[in-house]
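Residue numbers (full-length UniProt numbering): 1 to 200. Just below is one structure, and these are the notes that go with it.
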Amino acid sequence: MLESRARRIPLVDVDDETRREMVVSVLTQYRILKFVSVNVKETQWLRKPLRDIDIGTFTDVATAHMDTPVMDVIHQLVKRNISCVPILEWDGTVLNVFEAVDVIALIKGGDYDNLNLSVGKSLAMRSEDFPGIYTCTLNDRLDTIFDTIRKSRVHRLVVIDEASQLKGLLSLSDILDYTLNSPLSGNGDGDGNGDRDDER
């Protein structure tokens with residue numbers, strides 16, 4: 001999953017009668033991390049703040065503003081192969097995120113004119129059950145972030161400072177990579193890769 005940058009992988013089994021392969025479930029990064037958060041008791045490796053474990057993306061983060069045209073954001077999503085762009089005030093304060101799934105909602109029913117809207121107007125069209133964005137700071141420990149994953153369907157966290165200004169992004173693949181290379185697995189020293197962009 002990490003090597004292919006896939007966010008989900010189908011789980012396939014063979015039907016006993018037809019001998020054909022069939023998809024029985026879908027394995028996602030979120031489900032793996034939620035399983036870890038619920039079942040793994042060895043938490044010593046999780047008791048480190050983000051600033052000490054070098055995971056996430058903190059440089060060259062794609063951003064936009066409320067008056068940015070949706071098409072401009074889509075171009076960033078495609079060019080950078082990312083799944084979200086933080087939406088900021090002009091002073092750098094985080095207001096929201098524009099996600100790839102927002103594009104699907106905009107063109108639902110074939111109304112492609114919505115792609116000419118501003119980000120602000122497009123986000124106002126979101127479903128009322130949109131859960132909002134999840135944030136953390138560099139002082140937050142990984143066990144706290146895992147607790148958030150256990151309780152909520154998180155796709156990524158926006159890393160902010162005390163003034164709610166953008167510092168970076170923390171994706172599920174960042175966390176999964178660190179998990180697999182932590183003392184829990186015995187395969188590494190717990191340092192992640194700070195340049196990963198997938199699942200954002």
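For every residue, glycine included, the Cβ atom is placed at its ideal position computed from N, Cα and C. Quantities reported herein were computed from a predicted structural model and do not represent experimental measurements.
Ranked by Cα distance from Leu-95, the first of His-65, Lys-121, Asp-16, Phe-58 is His-65. Val-103 is the residue among Tyr-134, Val-103, Phe-35, Val-12 whose C-alpha sits nearest the C-alpha of Leu-117.
Restricting attention to Ser-173, Val-158, Asn-181, Leu-172, the CA atom closest to the CA of Ala-62 is found in Val-158. Around the beta carbon of Asn-139, fewer than 16 other beta carbons lie within 10 angstroms, which makes this residue exposed. For secondary structure counted as the beta strand (DSSP E) over 3 or more consecutive residues, the UniProt domain "CBS" (125-186) holds these complete runs in sequence order: 156-160, 166-171. Sorting Gly-92, Asn-181, Val-23 by C-alpha distance to the C-alpha of Ser-173 places Asn-181 at the top.
DSSP places Asp-67 in the coil class of the three-state scheme, outside both helix and strand. The segment 160-180 and the segment 52-61 touch, with no fewer than 3 CB-CB distances between them shorter than 8 angstroms. When the Cα atoms are used, Phe-130 and Ala-124 turn out to be separated by approximately 11 angstroms. Residue state for Leu-27 is assigned as strand, using DSSP reduced to three classes. Judged by DSSP secondary structure, Leu-88 falls within the beta strand (DSSP E) whose first and last residues are 84-88. Around the beta carbon of Arg-156, 16 or more other beta carbons sit within 10 angstroms, so the residue counts as buried.
Taking a cut-off of 8 angstroms on C-beta distances, the segment 17-35 touches the segment 140-155, as three or more cross pairs fall below it. In the structure shown, Ile-9 falls within a strand segment according to DSSP collapsed to helix, strand and coil. Selection Phe-146, Arg-80, Glu-21 evaluated against Leu-46 yields Phe-146 as nearest (Cα-Cα).
Excluding its 5 nearest sequence neighbours in each direction, Asn-114 has C-beta neighbours in its own chain below 8 angstroms: Val-70, Leu-106, Ile-107, Ser-122, Met-125, listed in chain order. Assignment of beta-bridge partners to Glu-17 by DSSP yields no partner. Counting along the chain, the unbroken alpha helix (DSSP H) around Leu-106 starts and ends at 100-106. Ile-9 is classed as exposed because its beta carbon has fewer than 16 other beta carbons within 10 Å across all chains shown.
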